[in-house]
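Residue numbers (my numbering), protein chains in the order written: chain A, -1 to 314; chain B, -1 to 314. Taking it in order: structure first as structure tokens, then the write-up.
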């Protein structure tokens, strides 16, 4: 499959390289890693994404070139890290891409094979790892710029080599990327150690709101707390993972009160305690150890109801 | 040197394996990794440490066997991860070890060559990485138990592959350890995501106490705050690293008020902002990006004095 993908790419001259909505490090890293690789072999490359590049990835070389483009005069579209055609938003509207050859490179097992040439690699930890494997087929030598982009995706999709999905192979790939000049510690600082001061202030308030009973830890993020800190509700992204480090807790639950009185529920649990079931019953979804849903307010009632559901589920 | 170390070990039958006071993951991991390796080749091994094993390493196989032993009837002492004879406390008192053959395996460049056979490896990231390299010379095949111990040291000495000391080699070694059965995600959870609930409560209070001005962020950990949470002052270990994630801060400083009115000062800074100079001037020490000192109280005056020193140092 790699050979077919490389062949399709090598035949083209003007290439649109796009990734998915709400882009993460693997989306931005794979767009830019492939963009710089193809430019080394003389291709004209247009990096695109339907949404803006998050600030924490702005340090990546070329990030300022990424825009919400659609294919026009290009002769190939390469879609990255997206499992179906809707993931690429307006960049990939059906009426715009119908006449194009499309190559899909994606590590999600759920990929629908929507493209002309589909390389789906569910054993890969990140799409950036697939791009790394593709380089020899393209005749491209790794350099520090490409390595920096690809290591970013490897790091973000494994939360810095901390997820159970982390394979020996991705560690070996990371070693080669560092050898090629990717600054591991700097990338880590940029993507994991980079919070606005106001967000940290909100973290403090959320952590102070912690309550604990019967193996469950919960905390709240209220409209009033956010107003006091001058931030929006995305400012607590990540704090539920901090709550989940409490040794005594089998599960940690963050309740975020929205402006419209709905309550977002974000849950983390230890192996052996499944929170996906509860989330699903309450209209949400996720994985056994990380799941979420949105329920009706007011906050106090929502907390009581969700805690009761979680307790019943753990006891059942 | 590896061959000489292996020769000395292979000649012995009863071996005391010790590491340093206030043991970290590399100390405990290297003691246990070597212990299990030597037992595979029929040696009688006594794992020892002058201080107790911290709770977060209790999951390591054999951790309950580690005790504050000294050499008595053994025919060899192997010291691990300690750069001079004082690091091993009462386990290595001069009058007790004078007649013993001692092998030192250590990755610190400051090692004083205090042993009979000294293998000092400053290009190694962790002493556990040196043990990994020694295994073939001992004729020991890696197994999941040894791999789990060694990966723990590799992870803790690199803060989960996040420090600038992280080398391609340690990533490749980690890949082999995971291949051999070391559970990377579980180890990470045990050593990095494992806080007492009361400690987290104190984190919340410390983060809430944050203040910021002119690129400096500081926070306090007072006797009253700790009393409210029912914890001792070690409960905020790590929180200064959270403070240092604030995007706007060139340096983050945590002031911990002790019971004796002294103030412990813990500082972290971005590259380009050296906090070691200030720490040294105030009687402490450390590295350019992570340093500390202890100054006289009361708290309020200490904060003013240290902030002024840091500002003068950054401006100078």
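C-beta atoms are modelled at their ideal positions from N, C-alpha and C, and glycine is treated no differently.
Exercise for review: Under 8 Å Cβ to Cβ from residue 71(A), same chain only, skipping five residues before and after it: list those, please.
Suggested key: Within the first chain, residue 71(A) is the residue found at index 73, counting from 1. For residue 71(A), where only same-chain residues beyond five positions count, the Cβ hits under 8 Å are 12.
**Study point:** Near-chain B residues of the stretch 176 to 205 of chain A (beta-carbon distance less than 7 Å), N- to C-terminal order
**Key:** 176, 177, 182, 183, 186, 191, 192, 193, 194, 195, 198, 199, 201, 202, 203 and 205
**Study point:** Option in 58(A), 111(A) and 50(A) with minimal Cα separation from residue 77(A)
**Key:** Taking the first residue of the first chain as position 1, residue 77(A) is located at position 79. Comparing Cα positions, the closest option is 111(A).
Review point. Taking C-beta to C-beta, are residue 94(B) and residue 68(B) nearer than 8 Å?
Key: Looking up residue 94(B) in the second chain gives position 96. Looking up residue 68(B) in the second chain gives position 70. Their beta carbons are under 8 Å apart, which means residue 94(B) touches residue 68(B) by this criterion.
Review point. Among 141(A), 195(A), 301(A) and 124(A), which has the Cα closest to the Cα of residue 163(A)?
Key: Here residue 163(A) is taken as the residue at index 165 of the first chain, counted from 1. Comparing Cα positions, the closest option is 124(A).
**Study point:** Cβ pair count under 8 Å reaching 3, the stretch 229 to 241 of chain B against the stretch 205 to 216 of chain B
**Key:** yes
Check your understanding: Could you give the distance in angstroms between the alpha-carbon of residue 47(B) and the alpha-carbon of residue 138(B)?
Key -> As a working mapping, residue 47(B) is identified with position 49 in the second chain. As a working mapping, residue 138(B) is identified with position 140 in the second chain. In a straight line, the C-alpha of residue 47(B) is about 24 Å away from that of residue 138(B).
**Study point:** Uninterrupted beta strand (DSSP E) stretches inside the stretch 47 to 93 of chain A (no shorter than 3 residues)
**Key:** 74 to 78
Point to revise | Rounded straight-line distance, which links the Cα of residue 19(A) to that of residue 88(A) | key: The residue you call residue 88(A) lines up with position 90 of the first chain. The residue you call residue 19(A) lines up with position 21 of the first chain. Rounded to the nearest angstrom, the two C-alpha atoms are 10 Å apart.
Practice item. Please compile the residues from chain B whose C-beta is within a distance smaller than 8 Å of the C-beta of residue 245(A). Key: Taking the first chain and counting its residues from 1, the one referred to as residue 245(A) is at position 247. The answer, in chain order, is 192, 193, 194 and 195.
Review point. Any beta-carbon of chain B closer than 8 Å to the one on residue 223(A)?
Key: To locate residue 223(A), count along the first chain from 1; it is residue 225. It does not; no Cβ of chain B falls within 8 Å.
Check your understanding: Whole-angstrom Cβ separation of residue 23(A) and residue 189(A), contact assumed at under 8 Å?
Key -> Here residue 23(A) refers to the residue found at position 25 when the first chain is read from its first residue. Here residue 189(A) refers to the residue found at position 191 when the first chain is read from its first residue. Yes, they are in contact, since the Cβ atoms of residue 23(A) and residue 189(A) sit about 6 Å apart, within 8 Å.
Point to revise | Selected residue, minimal CA-CA separation from residue 10(A), among 28(A), 42(A), 17(A) and 257(A) | key: Position 12 of the first chain, counted from the first residue, corresponds to residue 10(A). Here the closest residue by C-alpha is 42(A).
Check your understanding: Nearest CA to the CA of residue 174(B): which residue from 170(A), 174(A) and 177(A)?
Key -> Here the question's residue 174(B) lines up with position 176 in the second chain. Closest by alpha carbon: 170(A).
Check your understanding: Taking residue 215(A) as the reference, which of 223(A), 265(A) and 229(A) has the closest Cα?
Key -> Within the first chain, residue 215(A) is the residue found at index 217, counting from 1. The residue with the shortest Cα to Cα distance from residue 215(A) is 265(A).
Practice item. Can you tell me which of the three DSSP states residue 279(A) falls into? Key: Residue numbering aside, residue 279(A) sits at position 281 when the first chain is read from its first letter. The answer is helix: DSSP assigns residue 279(A) an H, G or I state.
Check your understanding: Does residue 277(A) get closer than 8 Å to chain B when you measure Cβ to Cβ?
Key -> For the purposes of this step, residue 277(A) is taken as residue 279 along the first chain, with counting starting at 1. For residue 277(A), the answer is no, since every Cβ of chain B falls outside 8 Å of its Cβ.
Exercise for review: Could you have a look at residue 309(A) and say whether DSSP puts it in helix, strand or coil?
Suggested key: Translated into positions along the first chain, residue 309(A) becomes position 311. In the structure shown, residue 309(A) sits in a helix (DSSP, three-state: H, G or I).
Practice item. On a CA-only basis, which of 17(A), 222(A) and 26(A) is nearest residue 55(A)? Give me that one, please. Key: As a working mapping, residue 55(A) is identified with position 57 in the first chain. Among 17(A), 222(A) and 26(A), the Cα nearest to that of residue 55(A) belongs to 26(A).
Point to revise | Chain-ordered neighbours of residue 327(A) on chain B, where CB pairs are closer than 8 Å | key: Here chain A has residues from -1 to 314 only, and residue 327(A) is not among them.
Check your understanding: Using DSSP with H/G/I as helix, E/B as strand and the rest coil, what is residue 151(B)?
Key -> The residue given as residue 151(B) occupies position 153 in the second chain. Helix.
**Study point:** Beta-carbon neighbours of residue 208(A), restricted to chain B and to distances below 8 Å
**Key:** Here the question's residue 208(A) lines up with position 210 in the first chain. Under the 8 Å cutoff, chain B gives 195, 198, 199 and 202.
Exercise for review: For chain B, find out if any of its Cβ atoms is closer than 8 Å to the Cβ of residue 114(A); answer yes or no.
Suggested key: Here residue 114(A) refers to the residue found at position 116 of the first chain. False, the Cβ-Cβ gap to chain B never drops below 8 Å.
Review point. Which value, in whole angstroms, describes the spacing of the CA atoms of residue 193(A) and residue 212(A)?
Key: Counting from one through the first chain, the residue named residue 193(A) turns up at place 195. Counting from one through the first chain, the residue named residue 212(A) turns up at place 214. Cα to Cα, residue 193(A) sits roughly 32 Å from residue 212(A).
Check your understanding: Mind checking whether residue 255(B) and residue 279(B) have CB atoms under 8 Å apart?
Key -> The residue given as residue 255(B) occupies position 257 in the second chain. The residue given as residue 279(B) occupies position 281 in the second chain. No; because the gap between Cβ atoms is not below 8 Å, this pair is not in contact.
Point to revise | Alpha-carbon spacing of residue 185(B) relative to residue 74(A), whole angstroms | key: As a first step, residue 185(B) is located in the second chain; it is residue number 187 there, counting from the start. As a first step, residue 74(A) is located in the first chain; it is residue number 76 there, counting from the start. Going by the C-alpha atoms only, they are around 44 Å apart.
Review point. So what does residue 215(A) bridge to, in DSSP terms?
Key: Position 217 of the first chain, counted from the start, is the residue given in the question as residue 215(A). Answer is 210(A) and 250(A), bridged to residue 215(A).
Review point. Does any CB atom of chain A fall closer than 8 Å to the CB of residue 166(B)?
Key: Here residue 166(B) corresponds to residue number 168 of the second chain, with the count starting at 1. Yes, its Cβ sits closer than 8 Å to a Cβ of chain A.
Check your understanding: What does a CB cutoff of less than 6 Å around residue 275(B) pick up in its chain, not counting 5 residues either side in sequence?
Key -> Position 277 of the second chain, counting from 1, holds the residue named residue 275(B). Result list for residue 275(B): 311, in chain order.
Check your understanding: Name the chain A residues that come within less than 8 Å of residue 169(B), Cβ to Cβ?
Key -> As a first step, residue 169(B) is located in the second chain; it is residue number 171 there, counting from the start. Those are 169, 170, 172, 173 and 176, listed as they occur along chain A.
Exercise for review: Would you list the residues sitting across from residue 44(B) in a DSSP beta bridge?
Suggested key: Your numbering for residue 44(B) matches position 46 in the second chain. DSSP output for residue 44(B) lists 14(B) as bridge partner(s).
Review point. Could one say the Cβ of residue 242(B) lies closer than 8 Å to chain A's Cβ atoms, at least one of them?
Key: Here residue 242(B) refers to the residue found at position 244 of the second chain. At least one chain A Cβ lies under 8 Å of residue 242(B).
Check your understanding: Does the Cβ of residue 199(B) have 16 or more other Cβ atoms within 10 Å, making it buried, or fewer, making it exposed?
Key -> Within the second chain, numbered from 1, the residue matching residue 199(B) stands at position 201. By the 10 Å Cβ count, residue 199(B) comes out buried.
Point to revise | Burial state of residue 285(A) (16 or more Cβ within 10 Å) | key: Indexing the first chain from 1 puts residue 285(A) at position 287. Residue 285(A) comes out exposed.
Check your understanding: By Cβ distance below 6 Å, which residues in the same chain neighbour residue 301(A) in space, the five residues on each side in sequence not counted?
Key -> In the first chain, the residue the question calls residue 301(A) occupies position 303. Only 253 meet the Cβ criterion.
**Study point:** Contact belief for residue 132(A) with residue 277(A) at Cβ below 8 Å, rounded distance in angstroms
**Key:** Locating residue 132(A) in the first chain gives position 134, where the first residue counts as 1. Locating residue 277(A) in the first chain gives position 279, where the first residue counts as 1. No, residue 132(A) and residue 277(A) are not in contact; Cβ-Cβ is about 36 Å, not under 8 Å.
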